[in-house]
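Just so we're aligned, residue 250 is where the sequence shown starts under our numbering, counting upward by one.
Yeah, the Cβ is synthetic: ideal placement off N, Cα and C, and Gly gets one too.
Owing to the predicted nature of the structure, the values given are computational and were not obtained by experimental measurement.
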Amino acid sequence: MGGLRAAGVAAGQRPTLSGIIPFAFGKAPNMLIVMKMDATPEQVEGVVRKVESHGLKAHPIVGSQRTAVGITGNIGIVEPALFEPLDGVLEVIAVSHPYKLVSREFRESDSIVEVGGVRFGGPELVIIAGPCSVESYEQTLAAARQVKAAGAQLLRGGAFKPRTSPYSFQGLGAEGLEILDRVRSETGLPIVTEALDIDVLDAVADVADMVQIGARNMQNFTLLRRAGACGKPVLLKRGMNATLNEWLLAAEYVLDQGNPDVVLCERGIRTFADHTRNTLDLSVVPAVKRISHLPVIADPSHAAGRRDTVLPLARAALAAGADGLMVEVHEQPEKALSDGAQALLPDQFELLMAEARQLAPVLERTLPAIAPLPS
Ligand code: PEP
Ligand code: MN
């Protein structure tokens with residue numbers, strides 16, 4: 250006999266202090282019985298019956314890879330030995346958070362997310378750069394060449410733009426995707442671009458090396474599920490009013506659909522501050538690292554909203570442990586069709602890269618040598 254009973258607590262009763270002291274004052278942890286990949290429905294059913302026989306509630310969670318059975322109704326910790334010997338059970342874990350697949354409790358080591366040969370989450374810092382919007386072939390190609398020459402590993406650029414006003418430039422749409430495709434062949438830079446809704450997700454995933462889900466869509470659960478099934482890595486921006494919990498649960502939607510390749514991006518949150526467009530919440534970087542195995546990068550451009558603040562925020566983000574940066578760059582920001590005020594000029598981006606290169610060894614990170622442009 251073990252668990253609640255071994256601790257002298259009958260099911261449904263409150264524990265005495267001498268019973269389960271560590272949990273007497275706090276919330277009992279969720280328990281999760283993780284089934285083996287090849288566990289049969291009968292074995293899952295056997296586990297559910299065993300849980301219920303102890304007066305507890307069983308919640309089978311059918312993921313695309315494996316099934317887990319959540320336990321609630323426990324007042325203290327549930328003794329893993331009650332369930333571990335059952336057929337089909339891989340392990341029993343105490344889960345202190347509502348998310349599971351994104352949690353370090355599910356996967357202890359850092360996840361590496363590979364995009365067009367570039368690896369997020371390893372020792373290498375990953376710098377994504379390019380214009381806010383794809384405006385023309387010439388503008389996108391020029392930006393791509395400039396950021397690649399400075400050492401960026403991935404090109405960003407929106408073909409479908411989330412704009413506050415319906416009268417603002419909405420992006421070139423399908424034509425923008427074609428431009429990105431051509432610019433990739435010209436420069437060799439893999440593409441990160443946003444899927445604004447489920448109508449365009451497939452078209453975006455066909456072209457993109459990495460599909461961006463924007464801040465305003467972080468809790469678009471239909472879009473998240475579709476992104477989880479799109480077969481491409483996902484860059485998930487933090488909603489401007491999202492807690493860490495909500496952000497990780499959004500990522501959980503993508504992983505739950507069988508797509509483990511999610512990179513989180515902190516892009517600034519709404520606060521009372523009016524000296525910048527948003528407030529870059531760098532305290533979230535170590536918090537993500539503590540709780541989740543997913544890589545996390547920072548976008549100082551959308552946080553700052555003004556180019557003079559991008560470089561200091563970029564430095565700070567790397568120092569705080571971000572796995573990389575996403576930065577907006579435009580050759581003629583005064584003519585940009587979106588976010589010109591925050592776009593770095595190409596030589597300012599070069600300076601940012603030079604500083605990142607100086608910082609990397611201090612942070613025990615690396616930046617690859619600048620790749621030559623195809624001739
Ligand atoms: C963008 O990356 O251009 C963008 C619109 O970002 P966010 O969703 O963070 O506002
Ligand atoms: Mn932008």
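Could you give the distance in angstroms between the alpha-carbon of residue i and the alpha-carbon of residue j?
| i | j | result |
| --- | --- | --- |
| Asn490 | Glu373 | 30 Å |
| Ala568 | Ala317 | 37 Å |
| His579 | Ala609 | 25 Å |
| Val483 | Ala444 | 10 Å |
| Ser550 | Leu426 | 22 Å |
| Ile270 | Gly304 | Note that Ile270 scores a pLDDT of 24, beneath 50, so its modelled location is shaky; the value from the coordinates is reported in the next line. If I take the Cα positions, the gap works out to 21 Å. |
| Phe272 | Thr615 | No answer about Phe272 holds up, because its pLDDT of 29 lies below 50 and its placement is not dependable. |
| Gly477 | Gln506 | 5 Å |
| Met250 | Val297 | Residue confidence for Met250 is low, a pLDDT of 29 falling below 50, so the modelled location carries little weight; the figure read from the coordinates is stated next. Spanning the two alpha carbons is a distance of roughly 18 Å. |
| Leu586 | Glu387 | 14 Å |
Given 7 Å as the limit, tell me if residue i has its C-beta closer than that to any heavy atom belonging to the ligand MN.
| i | result |
| --- | --- |
| Val579 | Per the sequence presented here, residue 579 reads as His, with Val not at that position. No, Cβ of His579 sits at least 7 Å from all heavy atoms of the ligand MN. |
| Cys381 | yes |
| Ser414 | no |
| Ser417 | no |
| Ser587 | yes |
Check the C-beta distance from residue i over to residue j and give it rounded, since I have them as a contact under 8 Å.
| i | j | result |
| --- | --- | --- |
| Glu354 | Val338 | So it is not a contact: roughly 16 Å between Cβ atoms. |
| Ile440 | Leu429 | 5 Å |
| Ala592 | Pro582 | 4 Å |
| Ser358 | Pro544 | Not confirmed; about 12 Å, so no contact. |
| Ala500 | Val396 | In fact, because the Cβ distance is near 27 Å, the residues do not count as touching under 8 Å. |
May I ask which residues mark the beginning and end of the alpha helix (DSSP H) holding residue i?
| i | result |
| --- | --- |
| Ile619 | Taken as a continuous stretch (DSSP letters only), Ile619 belongs to no alpha helix (DSSP H), as it is neither H nor E. |
| Val503 | 493-505 |
| Thr471 | 470-477 |
Provide the residue(s) that pair with residue i in DSSP beta bridges, ordered along the chain.
| i | result |
| --- | --- |
| Ile377 | Leu403, Met575 |
| Thr321 | Lys306 |
| Leu593 | Val578 |
| Glu515 | Ala547 |
| Ile440 | Leu404 |
Confirm the yes/no value for this check: CB of residue i, any heavy atom of the ligand PEP, distance under 7 Å.
| i | result |
| --- | --- |
| Arg606 | no |
| Ala547 | no |
| His209 | The chain is shown from 250 up to 624; residue 209 falls before or after that span and cannot be answered. |
| Arg516 | yes |
| Arg465 | yes |
| Pro482 | no |
| Gly554 | no |
| Pro582 | no |
| Gly573 | no |
How far does the beta strand (DSSP E) with residue i in it reach, from first residue to last?
| i | result |
| --- | --- |
| Ser486 | Just to set this straight, residue 486 is Lys in the shown sequence, not Ser. Segment 483-486, the beta strand (DSSP E) holding Lys486. |
| Asn279 | 279-284 |
| Ile462 | 459-462 |
| Phe332 | That residue, Phe332, is in no beta strand (DSSP E); it is neither H nor E in DSSP. |
| Phe369 | 367-369 |
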